[in-house]
Amino acid sequence: MAIFLQLLFTGLGIGAIYALVALGFVLLIRAASVVNFAQGQFAMVGAYMLVICFNVLGLPYLLSMAISIVLMAVFGVIFAGATYWPLRHRGGLPVIISTIGASIFLENIVLFLYGPSPEVLPGLFDSPGIQVGQVFMDSQYLSILVAAALLVILQYFIFEKTLLGKKLQATSQDKEMASLLGIPVAAMILFTFSYSAMLGGIAGMLVAPVLFVSVGMGGLIALKAFAANIIGGYGSIPGAILGGLALGVAETMGAAYISVPYKDAFAFAMLLMFLMVRPQGLFGEKISEKA
Amino acid sequence: MSLLEIENLTARYSSGAGDVLKGINVSVEEGEIVALLGANGAGKSTTLRSISGLVPHVGGAIKLGGVSLLGQSVEAIARLGVAHVPEGRRVFPGLTVAENILLGASNRKGVSRAEMNREVDEKFDLFPDLVRLRDALGWTLSGGQLQMVAVARGLMAKPRVLLLDEPSLGLAPLIVQQVFRIVAEIRRRGTTVLLVEQNANVALSVADRGYVLETGKVLVSGKPAELWKDPQVRAAYLGGHAIA
Amino acid sequence: MSVNLASARLWRGFPQAILACFAVVAVAFMLPSDGYYLNILMQAVTYAIAVSGLVVVLGYCGQISIAQAAFFGLGAYGVAIGMVDYHLGFFPAWLCGIGAAGLLGLLLGLGSLRLGGHYLAMVTISFQQILTLFLTNWLEFTHGPDGIRDIPRPRLGPISFEGGHAFLALCLVTLVIVTLAVWRLKTGRLGRAMQAVRDNELAAGTCGINVFATKVIAFGLSAVLGGIGGGLFAGGFQYISPDQFSFGESIVLLTMALLGGVQSPFGSLVGTMLLIILPEWLRFLKQVYLAVYGASVILIMVFLPDGLWGLMLERVRKRAKPILGDVAKLPLLTQTGQESAEFVLVIDGLAKHFGGLKALDGISLAVRKGSVHALIGPNGSGKSTFINVITGLYKPTAGKVTFAGRDITHAPPHERNRAGLARTFQNIRVFRGMTVLENIMVGAERPGNDIAENPALVVERALAALDFVGLRGDAHRDVGALSYGHQRYVEIARALAATPQTLLLDEPAAGLNLTEKHELGELLRRLKGHGLTILIIDHDMKLVEQVADHITVLNFGKRIADGSPRDVLNHPDVIAAYLGEPQEEAGAAS
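Residue numbers (numbering that gives the first Met the number 0), protein chains in the order written: chain Z, 0 to 290; chain Y, 0 to 243; chain C, 0 to 589.
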């Protein structure tokens, strides 16, 4: 039982990372109808920014995180300008391909600049963790869970309680009508890219101490975040969060009880199953063919 | 100088297609309700969409208070005081009635949140049927309710001219009457309205003047009483068959 | 590439291909024995074969696949494991690899092609990742990350492909055959079906194409081509490992396809050659070459969407010549003249609800065989919904649709087309990536049409339809280059070429200028009296008056009038529906 709870805790921690990346992903889908295959690379870039600030420049940890987050916001805008903006009238497929190109570009540019050996980042806290009953709660995992919860609350607050959030929702529900009301649609979309990049970057910074910082870390996380999105319900915000958590737990349990090397395959197997059996996921609406 | 001047307006949707509008001349004075009538495909909605900036290929002149609207972005035109209530209402389905109406003020700068909330409350005075739906989400509303929300949202912009596109579309006759009573009231309070309607009868019952469009041109224009008697109006809708 | 009646020749391209085979074999043996050149070419050739698979699935059919390296890998591992562990010959092992790739491709396609583009992309990426995991971790079967070495080269009877030159020759000949096949595919019936699906899936269905099956076949073919290339790769380099078939390699293959031009196997060949040979010359970029790949994908999407080959093709197309010669007249059913009493299309209590909105609220009507039946009504009355339900694009909430005695209420669009129902669309759905003639050929070769199986007759029928609408001179032009009105005629010709029993025209006059409307009226009058049943939706009353034998009026999803034009257009309910109820005058407006 103790093992089960321990695994559950770890699974939720990893799941929270997937949820954060999935959240950034689904926001872009809703706001700009963009399927961003480079979402995982946002996490990777964020982690490397933290490495540069903390390991290389020697800045204090929290300051490094803050600077990195701001840089990610800027990065999001640049990313939108390069991959989305020139193709925004050309429909889904060119944009998808463009983001795929961007993901490969980012991975390899960082590889070129930084080399293939993984970096090590310390966690937020010095203490290794706290013991709660039979479960040992690793401090970094705790930070992940707390940070994720705070971000979800922040997001809820922004989207539901502020005027900006309403405008963002309006833009994602009916772009043309939003522009007729005078809402600056382009700015809304750029903001969404920026925010999405920040979310991804934060996820990367939080998971880095646990996983090592390496060029390839983004790709796998992104794919699992996509899977989380579909399992939770494509286009659904609560679906992204719950899908991510569910995936993290399933994967951790699977690794422990079934097999370690094929751990990563669980996400994809789950994804394939859902796609073939219940493509609308847990919370999504029935996907009907539009006429 | 009229508030809204449209001169020799031509428009088409893509460079390969033919012109939908072939030289429209319309003017709207401040405080008027002007109706654009005609059969479907005549170009009425395209005229409104040209004004609000949604049509890509436009020629001629569109001036609001002397300022040209041609070539400006949709958001810029909204900020200049054009509120377009489009065909089909297009109320945001995932936002509440109050939120929808609130967003109508997005074209105005420097308005405090308190001021905006006050204006939203004023709209509920104008549309008492919406009071109990204040927190209802857009997708749950009926056609008539959607129309009222859309109009209230348009009014929030404090527009110099309100473009109303086919407000009676898909609505039962009783609801249509209700909507048009509100249109009359809006005008009474001083808002200028350019109204597009297929339902000539109800449009002419509130308008000060009307234009009848046919295949992209103005066929005839004048006061409601004149238009009513003109056999060309009936012909424009129903083809060559006059009264049997 | 001018298409004429000779284009239907079965052996087109074969002489050139055979010549090319001899040429490449000669070239292969003339190359220096230095392994370097041989290796470069071998990689380029095997990759080009795999990339041609992307031409089929992405270029022709418009479906995204990011698992081509996985299928490449399946082919390679088929050869490797088959030869090294099971001591099979090269060719049987190759077939196993190809078979595995094809089978998995089909399964993957069957499971995911009903959904949109990005779903397929995710599925293919997932599949790619799972395969890499298996290749790396299933040590007993795949030898794990160390890979498989010492893969022998094949023997075919007395011919040994042991030497580099000989094996390269084998690769090159395979490439020639594959290129010929992929090129011929494009101008064949299946290729046109794929392109129709890519350009306008909805319209493709209404032209009789089984969209789902077409996509699955395209996907399966691309997997098979990947497997073919992979098998040769294994034999060529004689050592393979899992990292050669990873997600990154799928991206490389995708870039090669896009750069050269994903619409053409020649284009993708150019792209592959460039992207393999260039890095060799730009050695210093080796470290970042993938980064350059990534960036170039974006740049190509933005600036060169048709690739290099597309640029060249533009110049060729501009010099398209008209086709001369007489063809048999367009058959429009054998009966002439009078409407028969038989009803060809019977609708009973049809309802379509979108949530709370009742777009169609219990409509019943019957269309007489051979008549021109018009459906009119104010905006929002349900006319377009009606036609979409009848042609199978929407599922009805209730009611029954009977066509030529058959209940087609729940039949998918392509089956309705096969039963004899053809339609045009209000917002014109032509296949923009094809020429005018090719568009109409899609209509002519619909399954069940009398001449569908005979390519030469298909071309003839298409030309006849073109003659009927008066556009023979535009046969080779890109359909997108035509004026809006003429594109409408192409759509009508496409429907007529299918020799339908009933033609549904959804607002055919929309967007036409006065001259074009005249011509349209003429066209409809010419169609009348041939026994073809026509159901037309339009707002243009003059047009409707002139051609309709019978009019049904809809309002608020209900039928409010039905009868001869004279009766209907004077009916008070109809007048009220269009002009509104009479109101009290001026009371509110002063």
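Just so you know, even glycine gets a beta-carbon here, dropped at the ideal spot from N, CA and C.
None of the values given here were measured: they were computed from a predicted structure.
Chain Y contact residues for residue i, given Cβ-Cβ distances below 9 Å
{"i": "L349/C", "result": "In chain order: nothing, as chain Y lies at least about 18 Å away."}
{"i": "Q313/Z", "result": "Nothing can be reported for residue 313/Z: it is not among the residues displayed for chain Z, which extend from 0 to 290."}
{"i": "A169/Z", "result": "F91, G93, L94, E98, N99, L102, S105"}
Assigned secondary structure, residue i (DSSP; H/G/I helix, E/B strand, else coil)
{"i": "F232/C", "result": "helix"}
{"i": "V164/C", "result": "First, the residue type needs correcting, since residue 164/C is His and not Val in the sequence shown. Helix."}
{"i": "G432/C", "result": "coil"}
{"i": "L119/C", "result": "helix"}
{"i": "D548/C", "result": "coil"}
{"i": "S64/C", "result": "coil"}
{"i": "D120/Y", "result": "helix"}
{"i": "K21/Y", "result": "strand"}
{"i": "Q130/Z", "result": "strand"}
{"i": "H56/Y", "result": "strand"}
{"i": "T335/C", "result": "With a pLDDT of only 40 at T335/C, under the threshold of 50, the placement of this residue in the model should not be trusted; the figure read from the coordinates follows. T335/C falls in the coil class under three-state DSSP."}
C-alpha gap between residue i and residue j, whole angstroms
{"i": "R152/Y", "j": "E29/Y", "result": "21 Å"}
{"i": "L180/Z", "j": "R11/C", "result": "59 Å"}
{"i": "G209/Y", "j": "V19/Y", "result": "20 Å"}
{"i": "A547/C", "j": "L503/C", "result": "13 Å"}
{"i": "T384/C", "j": "V573/C", "result": "20 Å"}
{"i": "Y76/C", "j": "I208/C", "result": "36 Å"}
{"i": "R524/C", "j": "E515/C", "result": "14 Å"}
{"i": "E213/Y", "j": "G37/Y", "result": "6 Å"}
{"i": "I150/C", "j": "V50/C", "result": "24 Å"}
{"i": "D449/C", "j": "E459/C", "result": "12 Å"}
{"i": "S258/Z", "j": "L219/Z", "result": "18 Å"}
{"i": "L253/C", "j": "I65/C", "result": "7 Å"}
{"i": "G355/C", "j": "S13/Y", "result": "34 Å"}
{"i": "I535/C", "j": "K43/Y", "result": "23 Å"}
{"i": "A65/Z", "j": "F53/Z", "result": "11 Å"}
Candidates the options, of which the one nearest residue i by Cα
{"i": "K157/Y", "options": "L212/Y, A104/Y, G17/Y, G65/Y", "result": "A104/Y"}
{"i": "G74/C", "options": "A509/C, A99/C, L184/C", "result": "A99/C"}
{"i": "F244/Z", "options": "F53/Z, A224/Z, V76/Z", "result": "The sequence shown places Leu at residue 244/Z, rather than the Phe named in the question. The residue with the shortest Cα to Cα distance from L244/Z is A224/Z."}
{"i": "A21/Z", "options": "N35/Z, F8/Z, V119/Z", "result": "N35/Z"}
{"i": "G204/C", "options": "P564/C, Y393/C, V23/C, A373/C", "result": "Y393/C"}
{"i": "C95/C", "options": "I39/C, L534/C, I227/C", "result": "I227/C"}
{"i": "Q425/C", "options": "V435/C, L511/C, V400/C, R431/C", "result": "L511/C"}
{"i": "T390/C", "options": "D505/C, G293/C, K368/C, L312/C", "result": "D505/C"}
{"i": "L109/C", "options": "S380/C, F211/C, V83/C, K382/C", "result": "F211/C"}
{"i": "F166/C", "options": "H142/C, A92/C, L40/C", "result": "L40/C"}
{"i": "T501/C", "options": "L531/C, V296/C, D360/C, C206/C", "result": "L531/C"}
{"i": "L270/Z", "options": "A410/C, Q128/C, F218/C", "result": "Q128/C"}
{"i": "A30/Z", "options": "V76/Z, A169/Z, I16/Z, D263/Z", "result": "A169/Z"}
Within chain Z, partners of residue i - CB distance below 7 Å
{"i": "S51/Y", "result": "L179"}
Residue i vs residue j beta-carbon contact at 7 Å
{"i": "A609/C", "j": "I239/C", "result": "Only positions 0 to 589 of chain C appear in the structure, and residue 609/C is not among them; the question remains open."}
{"i": "M204/Z", "j": "L62/Z", "result": "no"}
{"i": "G143/Y", "j": "K21/Y", "result": "no"}
{"i": "R487/C", "j": "G442/C", "result": "no"}
{"i": "P304/C", "j": "K351/C", "result": "no"}
{"i": "A135/Y", "j": "V96/Y", "result": "yes"}
{"i": "G52/C", "j": "L224/C", "result": "yes"}
{"i": "V56/C", "j": "S221/C", "result": "yes"}
{"i": "T251/Z", "j": "G39/Z", "result": "no"}
{"i": "L163/Y", "j": "V84/Y", "result": "yes"}
{"i": "L101/Y", "j": "V130/Y", "result": "no"}
{"i": "H164/C", "j": "F28/C", "result": "yes"}
{"i": "A68/C", "j": "L268/C", "result": "no"}
9 Å Cβ cut-off: residues of chain Z touching residue i
{"i": "S267/C", "result": "Per Cβ cutoff of 9 Å: no residues; S267/C is ~15 Å from chain Z at best."}
Chain Y contact residues for residue i, given Cβ-Cβ distances below 8 Å
{"i": "M187/Z", "result": "Near M187/Z there are no residues of chain Y at all, since even the closest Cβ is about 11 Å away, more than 8 Å."}
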